[in-house]
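Structure first, then comments.
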Amino acid sequence: MPSVVDATDTEIDLERPAREVVSLVPSFTELVCSMRLASRLVGVTRFCVEPADVVAPIRKVGGTKNPDIERIIRLEPQLVLANREENNEDDVAALRKAGLNVYVGDVRTAEEAHEEIDRVGRLLGGISLKIGESIKESLEEQEHVQRLRPRVRAAALIWRNPYMAASGDTYIGDLLRVSGAINVCEDSGRGRYPRLSLTQLVELDPEVILLPSEPYRFRERHAEELLAQQGMSAGRNGHVYLCDGQNLTWWGVRTGAAIQEVSGLLDHARSGWQAEAAMAPELPPGLNLNVIQQDVVE
Numbered sequence: 027m028p029s030v031v032d033a034t035d036t037e038i039d040l041e042r043p044a045r046e047v048v049s050l051v052p053s054f055t056e057l058v059c060s061m062r063l064a065s066r067l068v069g070v071t072r073f074c075v076e077p078a079d080v081v082a083p084i085r086k087v088g089g090t091k092n093p094d095i096e097r098i099i100r101l102e103p104q105l106v107l108a109n110r111e112e113n114n115e116d117d118v119a120a121l122r123k124a125g126l127n128v129y130v131g132d133v134r135t136a137e138e139a140h141e142e143i144d145r146v147g148r149l150l151g152g153i154s155l156k157i158g159e160s161i162k163e164s165l166e167e168q169e170h171v172q173r174l175r176p177r178v179r180a181a182a183l184i185w186r187n188p189y190m191a192a193s194g195d196t197y198i199g200d201l202l203r204v205s206g207a208i209n210v211c212e213d214s215g216r217g218r219y220p221r222l223s224l225t226q227l228v229e230l231d232p233e234v235i236l237l238p239s240e241p242y243r244f245r246e247r248h249a250e251e252l253l254a255q256q257g258m259s260a261g262r263n264g265h266v267y268l269c270d271g272q273n274l275t276w277w278g279v280r281t282g283a284a285i286q287e288v289s290g291l292l293d294h295a296r297s298g299w300q301a302e303a304a305m306a307p308e309l310p311p312g313l314n315l316n317v318i319q320q321d322v323v324e
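Each residue of the sequence shown is one higher than the one before, counting from 27 in my numbering.
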């Protein structure tokens, strides 16, 4: 009888491993598919787009913020996978009121990603993932490697007009930390995703700026605006990078690769260090994982 406690301190106690699952979170959907259990997914959101060929035929149940509650209830899943940040409390409450088992995750660190994989695996039948071990290996490797490297001031922006950055209390912020960065927005006192004016960003003087493609779709012209800021180290030295947002924000299958990729980007700004191409960890067969772009935008 699988039993775990989720991020809302709710015990999810199943009589047997869940065979019919609805996922309201893209990273959960990708995780279940990487376990080769896509056949158990009876519903996913329209934002659950990876792996594309696998999720395309699965029934859609709305968005992450506006799921079709009645449709989900009619599907009678044995388990619903949700996330504290991506899904609304009222929707979770409505599904639980209807008698459904709803597991709510809340991953804010790479270490928690490993733990989340273990919990979801237990709910699905004790499934163990090689990717979980790869996350542990990446963390251990980075702990050793970063002792030898100078730390780099960095910022990861997630929005524009106004600029918003990932603080230390976020998954992206933790990726920066374990990859050897000093997050210039680590503890801003203005929430998990502090707002910044361009002037404030320049004053923080990051040496590296990451511009992921989601939730805001940063493009080359946005990178060029920051590269033009000669009063900021990242602009002056050309260390502004467009990144695949899924790799930076989707915990789980992508975590190990993301750690190594971010570390590689930071190497470009390390004085006296020659950046090396990051080696991605072994991934489950069939997973189409785009890599972070490492070319300076010109």
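Heads up, the beta-carbon is just placed ideally off N, CA and C, and yes, glycines get one too.
In this text, all values refer to a predicted model and were calculated from it rather than measured experimentally.
query                                                                                                                      : result
Nearest-angstrom Cα separation, counted from P93 out to E167                                                               : 39 Å
Opposing strand residues paired with I235 [DSSP bridges]                                                                   : A181, V266
Identity of the residue in R175, I184, E137 nearest I161 by Cα                                                             : E137
Sequence-distant residues of its chain with Cβ nearer than 7 Å to A284 (five each side left out)                           : L201, N273, L274
Distance CB(V128)-CB(V146) smaller than 9 Å                                                                                : no
Terminal residues of the beta strand (DSSP E) in which E37 lies                                                            : 37-39
Beta-carbon spacing of I38, S29 below 9 Å                                                                                  : yes
Beta-carbon contacts of Y267 that lie in its chain and below 6 Å, excluding the five residues immediately before and after : L236, L291
Reference R72; option with closest CA among P83, R66, S65                                                                  : P83
Where V30 sits in the DSSP three-state scheme                                                                              : strand
Buried versus exposed, by CB contacts within 10 Å (16 or more), D32                                                        : buried
C-alpha gap between G88 and A78, whole angstroms                                                                           : 17 Å
At least three beta-carbon pairs within less than 8 Å, the stretch 167-176 to the stretch 102-119                          : no
Beta-carbon contacts of C59 that lie in its chain and below 6 Å, excluding the five residues immediately before and after  : P77, V80
Residue from R62, P52, M61 whose Cα sits closest to the Cα of G69                                                          : P52
Contacting residues, own chain, Cβ-Cβ under 6 Å from K86 (five flanking each side not counted)                             : R72
Under 9 Å between C-beta atoms of Y219 and T135                                                                            : no
G199 - containing alpha helix (DSSP H), residue span                                                                       : 197-204
Residue nearest to T281 in terms of C-alpha spacing, selected from L40, L252, H265, S164                                   : S164
8 Å Cβ shell around D195 - same chain, five flanking residues per side excluded                                            : R134, R218
For S208, three-class secondary structure by DSSP                                                                          : The amino acid at residue 208 is misidentified as Ser; the sequence shows Ile. It is a strand residue.
Beta-carbon proximity list for D132, same chain, < 6 Å, skipping 5 on both sides                                           : A33, R110
Option nearest Y242 by Cα separation, candidates A181, D270, S223, W185                                                    : W185
For E302, the three-state DSSP class (helix, strand or coil)                                                               : At E302, the pLDDT of 44 sits below 50, so the modelled position is not reliable; the number obtained from the coordinates is stated separately. Correct three-state label for E302: coil.
Three-state class that DSSP yields for L291 in the structure shown                                                         : helix
Delimiting residues of the alpha helix (DSSP H) encompassing V146                                                          : 136-149
First and last residue of the uninterrupted alpha helix (DSSP H) at N273                                                   : 271-275
Nearest neighbour of C269, chosen from A124, H248, N187 [CA to CA]                                                         : H248
Beta-carbon proximity check, I370 vs G158, cutoff 9 Å                                                                      : The shown model of the chain, from 27 to 324, leaves out residue 370, and the question about it has no answer.
Buried or exposed by the 16-neighbour rule on C-beta atoms within 10 Å, applied to T225                                    : exposed
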